[in-house]
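J.: One structure, as structure tokens, below. Some questions next.
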Amino acid sequence: MNSTLSNNPAVVIGIDLAKTHGDVVGFDKDRKIALKLPRISKEKLLERLANMPRASVLMEACGGSHCFVRKVKALGHDGRLLNPGDVKRIRCGHQKNNMLDAAYIAWAWYIPGISYVVPKTQAQQDLQSLQRIYQGYMKTRIEFGNRIHALLLEYGLSSPQTSRFIAEQLPEFIETHTKDLTPLAGEALLMLRDSWLEASEWEKKAGQKYDELVRANEASKRLMTIPGIGPKCAGALLTHCGEASRFRDSRQFAASLGLVPRQNSTGDRDTLGHITKRGPKHPRSMLVQGAAALMIMADRLEGALGEWVRKIKASGKKYGVKVCAIAAKLARIAWRILCEKGWNTGLSLSKPADRGLRLKSESS
1 MNSTLSNNPA VVIGIDLAKT HGDVVGFDKD RKIALKLPRI SKEKLLERLA
51 NMPRASVLME ACGGSHCFVR KVKALGHDGR LLNPGDVKRI RCGHQKNNML
101 DAAYIAWAWY IPGISYVVPK TQAQQDLQSL QRIYQGYMKT RIEFGNRIHA
151 LLLEYGLSSP QTSRFIAEQL PEFIETHTKD LTPLAGEALL MLRDSWLEAS
201 EWEKKAGQKY DELVRANEAS KRLMTIPGIG PKCAGALLTH CGEASRFRDS
251 RQFAASLGLV PRQNSTGDRD TLGHITKRGP KHPRSMLVQG AAALMIMADR
301 LEGALGEWVR KIKASGKKYG VKVCAIAAKL ARIAWRILCE KGWNTGLSLS
351 KPADRGLRLK SESS
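Here the UniProt record's numbering is used: the first residue of the sequence shown is 1, the next is one more, and so on.
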């Protein structure tokens, strides 16, 4: 990298963030290097930015970047987040070090059509934190359950794959199979059961807190009126969407969730493949689960959505294709609801509302 610095102020700044510091490279209006700050602490970097004229500050989207870019914007700069995959393509296999990465990040500003990651608000990060805590406890509970079943299988004992078995029937099961289980194995199983119960309790508390926060929001109340979308799915959509107006249309919102077909064009042939699976996995998986539920209850759904779901179900296509099509439809409806009246997607702790599904009565 050229060591001669321009005398002009930097108008585009690239920051390669680390945990406690960052490497900074800035370009002036003539696209010449005007700023180089290797391994500068985040506190000193913010002080330098506070005393600099307004510039476009770019960095990769990573852990801590959403919080840091909000601080940069508060100083009056144009803070942007880049997809790490785009930075990797710009590097194109060249030698990698932190200062070069910062230069590549800054150079992305001059690439036409580059897309940016929208920074999350503090409310979105709060909801995302609860969501990840809940998922973590759920994963831990499942892991302890699998260990219990695997240990029993090591001693030639098969057991029901249910939570009720572990919570209520496991101690009695150990007592009735003392000939097959050694005292040490029985003690280990009870220790695993205690860990399973603790993880299950914390999972329940985190899930209740998450549902309470989601149900208190006006936008999520409206989202939960869509069949197939409950508190977990509504919260995941709010965390991902933020301001719905930032998406051009409903298809772009579905594409941001990876629910549109992958395209492969060559010559005069345009082939559509599997869904792209771009974007966050959690809201996409929630929508797919909701779509699978609608497939089961298709005969009880009312309105135009019910007719459309029944038509898709009877189309004769593969099960996965039908479920993904319904999931994309739910995403489009959700975007439309968030856009039509400009619903506030900020989070509040008002009294939660009950969820309702529009279903046909059993008599009909």
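From the three backbone atoms N, C-alpha and C, an ideal C-beta is built for every residue, glycine too.
Classify ILE105 as helix, strand or coil using the three-state DSSP reduction.
T.: The residue labelled residue 105 in the question sits at position 105 within the sequence shown. Reduced to three states, the DSSP call for ILE105 is helix.
J.: What is the residue span of the alpha helix (DSSP H) that SER41 lies within?
T.: On the sequence shown, residue 41 is found 41 positions in, with the first residue counted as 1. Where SER41 is concerned, there is no enclosing alpha helix (DSSP H), although the beta strand (DSSP E) it sits in stretches over 33-41.
J.: Let's see if you can read the secondary structure: which residues bound the beta strand (DSSP E) around ASN146?
T.: Stepping through the sequence shown from its first residue, residue 146 is reached at position 146. Counting along the chain, ASN146 falls outside any beta strand (DSSP E), though it belongs to the alpha helix (DSSP H) covering 122-154.
J.: Helix, strand or coil for SER250 per DSSP?
T.: Working through the sequence shown from its first residue, we reach residue 250 at position 250. It is helical.
J.: Excluding five sequence neighbours on each side, which residues of the same chain lie with their C-beta closer than 6 Å to the C-beta of VAL12?
T.: Taking the first residue of the sequence shown as position 1, residue 12 is located at position 12. Cβ within range, chain order: PHE27, SER56, ALA106, TRP109.
J.: Based on the DSSP secondary-structure assignment, which residues constitute the bridge partners of GLN169?
T.: In the sequence shown, residue 169 corresponds to position 169, counting from 1. Bridge partners of GLN169: none, in fact.
J.: Starting from ASP78, trace the beta strand (DSSP E) in both directions and tell me its first and last residue.
T.: For this step, residue 78 is matched to residue 78 along the sequence shown. First-last of the beta strand (DSSP E) with ASP78: 78-82.
J.: With GLU243 as the anchor, note down where its beta strand (DSSP E) starts and where it stops.
T.: Within the sequence shown, numbered from 1, the residue matching residue 243 stands at position 243. GLU243 -> no beta strand (DSSP E), and no H or E assigned at all.
J.: Between the region 170-185 and the region 210-228, do three or more beta carbon pairs fall short of 8 Å?
T.: The region 170-185, when compared against the region 210-228, does not touch it at the 8 Å Cβ threshold.
J.: Roughly how many angstroms separate the alpha carbons of SER348 and HIS66, rounded to a whole number?
T.: Against the sequence shown, residue 348 aligns to sequence position 348. Against the sequence shown, residue 66 aligns to sequence position 66. Low per-residue confidence applies at SER348: pLDDT is 43, beneath 50, and the placement is therefore not dependable enough to give any value.
J.: Using the rule of at least 16 other Cβ atoms within 10 Å of the residue's Cβ for burial, across every protein chain shown, is SER364 buried or exposed?
T.: By 1-based counting over the sequence shown, the position of residue 364 is 364. Residue placement at SER364 cannot be trusted, given a pLDDT of 32 that sits under 50; what the coordinates show is reported in the next sentence. Its Cβ having fewer than 16 others within 10 Å, SER364 is exposed.
J.: Using C-beta distances below 8 Å, list every residue in its chain close to GLY156, excluding the 5 sequence neighbours before and after it, in chain order.
T.: In the sequence shown, counting from the first residue as 1, residue 156 sits at position 156. Answer for GLY156: ASP180, listed in chain order.
J.: Is VAL214 near LYS232, with beta carbons less than 9 Å apart?
T.: For this step, residue 214 is matched to residue 214 along the sequence shown. For this step, residue 232 is matched to residue 232 along the sequence shown. Yes; because the gap between Cβ atoms is below 9 Å, this pair is in contact.
J.: Based on Cα-Cα distance, which residue from ASN83, TYR210, THR176 lies nearest to GLN125?
T.: Residue mapping note: residue 125 aligns to position 125 of the sequence shown, counting from 1. It is TYR210 whose Cα lies nearest to the Cα of GLN125.
J.: Would you report the Cα separation of ALA327 and ALA291, rounded to the nearest angstrom?
T.: Position 327 of the sequence shown, counting from 1, holds the residue named residue 327. Position 291 of the sequence shown, counting from 1, holds the residue named residue 291. Rounded to the nearest angstrom, the two C-alpha atoms are 5 Å apart.
J.: Tell me which same chain residues have a C-beta within less than 8 Å of the C-beta of ASN98, skipping the five on either side of it?
T.: Residue 98 sits at position 98 when you count from the first residue of the sequence shown. Correct list, in chain order: ASP16, ALA18, ASP23, PRO38, ARG39.
J.: For ALA150, which option in ARG132, ARG251, ALA185, TYR116 has the closest C-alpha, if you only look at C-alpha atoms?
T.: Numbered from its first residue, the sequence shown carries residue 150 at position 150. For ALA150, the nearest C-alpha among the options comes from ALA185.
J.: Counting along the chain, where does the beta strand (DSSP E) carrying LEU190 start and finish?
T.: By one-based count along the sequence shown, residue 190 stands at place 190. Premise fails: LEU190 lies in the alpha helix (DSSP H), 183-215, not in any beta strand (DSSP E).
J.: Would the region 233-248 count as touching the region 273-288 if we require 3 or more Cβ pairs under 8 Å?
T.: Yes, the region 233-248 is in contact with the region 273-288.
J.: Shortest alpha-carbon distance to PRO112 belongs to which of PHE68, ASP86, GLY273, GLN131?
T.: Stepping through the sequence shown from its first residue, residue 112 is reached at position 112. The candidate whose alpha carbon is nearest that of PRO112 is ASP86.
J.: Using DSSP with H/G/I as helix, E/B as strand and the rest coil, what is HIS21?
T.: Stepping through the sequence shown from its first residue, residue 21 is reached at position 21. Here HIS21 sits in strand by DSSP.
J.: Given this structure, state the Cα-to-Cα distance separating SER41 from HIS21, to the nearest angstrom.
T.: Indexing the sequence shown from 1 puts residue 41 at position 41. Indexing the sequence shown from 1 puts residue 21 at position 21. So the two alpha carbons sit approximately 4 Å from each other.
J.: Quick one: Cα of SER315 to Cα of LYS281, how far?
T.: Residue mapping note: residue 315 aligns to position 315 of the sequence shown, counting from 1. Residue mapping note: residue 281 aligns to position 281 of the sequence shown, counting from 1. Approximately 27 Å between the Cα atoms of the pair.
J.: Note down the Cα distance separating GLY356 from THR225, rounded to an integer number of angstroms.
T.: On the sequence shown, position 356 is the one that residue 356 refers to. On the sequence shown, position 225 is the one that residue 225 refers to. Confidence is the limiting factor: at GLY356 the pLDDT is only 35, short of 50, which leaves the residue's position unreliable and the question unanswerable from this model.
J.: Distance check for LYS204 and ASN133, CA to CA, integer angstroms please.
T.: Within the sequence shown, residue 133 is the residue found at index 133, counting from 1. Within the sequence shown, residue 204 is the residue found at index 204, counting from 1. The residue you asked about is not Asn; residue 133 is Ile in the sequence shown. Between ILE133 and LYS204, the C-alpha separation is close to 11 Å.
J.: Output the distance between the C-alpha atoms of LEU359 and ILE229, rounded to the nearest integer angstrom.
T.: Your numbering for residue 359 matches position 359 in the sequence shown. Your numbering for residue 229 matches position 229 in the sequence shown. At LEU359, the pLDDT of 35 sits below 50, so the modelled position is not reliable; the number obtained from the coordinates is stated separately. Approximately 14 Å between the Cα atoms of the pair.
J.: Using the Cβ count rule (16 or more neighbours within 10 Å means buried), how would you classify ALA244?
T.: Taking the first residue of the sequence shown as 1, we reach residue 244 at position 244. Buried: at least 16 other Cβ atoms inside 10 Å.
J.: Are the beta-carbon atoms of LEU189 and LEU223 separated by less than 9 Å?
T.: For the purposes of this step, residue 189 is identified with residue 189 of the sequence shown, where counting begins at 1. For the purposes of this step, residue 223 is identified with residue 223 of the sequence shown, where counting begins at 1. No, Cβ-Cβ distance for LEU189 and LEU223 is not below 9 Å.
J.: Between ARG147, HIS274, GLN263, PHE247, which lies nearest to ARG193 when the distance is taken from Cα to Cα?
T.: To locate residue 193, count along the sequence shown from 1; it is residue 193. Of the listed residues, the one whose Cα sits closest to ARG193 is ARG147.
J.: By Cβ distance, which residues of its chain are closer than 8 Å to ASP30, with the 5 residues on each side in sequence left out?
T.: Against the sequence shown, residue 30 aligns to sequence position 30. The residues are SER6, ASN8.
J.: Tell me whether ILE111 sits in a helix, a strand or coil according to DSSP, three-state version.
T.: Numbered from 1 along the sequence shown, position 111 holds the residue referred to as residue 111. Residue state, collapsed to three classes: coil.
J.: When you compare each of TYR104, GLN95, LYS71, ARG89 to GLN122 by their alpha carbons, which one comes out closest?
T.: Taking the sequence shown and counting its residues from 1, the one referred to as residue 122 is at position 122. Comparing Cα-Cα distances from GLN122 to each of TYR104, GLN95, LYS71, ARG89, the minimum goes to LYS71.
J.: Who does residue 373 pair with in a DSSP beta bridge?
T.: The shown model of the chain, from 1 to 364, leaves out residue 373, and the question about it has no answer.
J.: Ordered along the chain, which non-local residues of its own chain (more than five positions away) have a Cβ less than 6 Å from that of ASP101?
T.: Here residue 101 refers to the residue found at position 101 when the sequence shown is read from its first residue. Cβ within range, chain order: ASP16.
J.: Under 8 Å Cβ to Cβ from ALA10, same chain only, skipping five residues before and after it: list those, please.
T.: If you number the sequence shown from 1, residue 10 lands on position 10. So the list reads GLY26, PHE27, ASP28, ALA34, LEU35, MET52, ALA55, once near-sequence residues are dropped.
J.: Quick one: measure Cβ to Cβ for GLY79 and LYS88, integer angstroms, because I've assumed they're closer than 8 Å.
T.: For the purposes of this step, residue 79 is taken as residue 79 along the sequence shown, with counting starting at 1. For the purposes of this step, residue 88 is taken as residue 88 along the sequence shown, with counting starting at 1. No, GLY79 and LYS88 are not in contact; Cβ-Cβ is about 21 Å, not under 8 Å.
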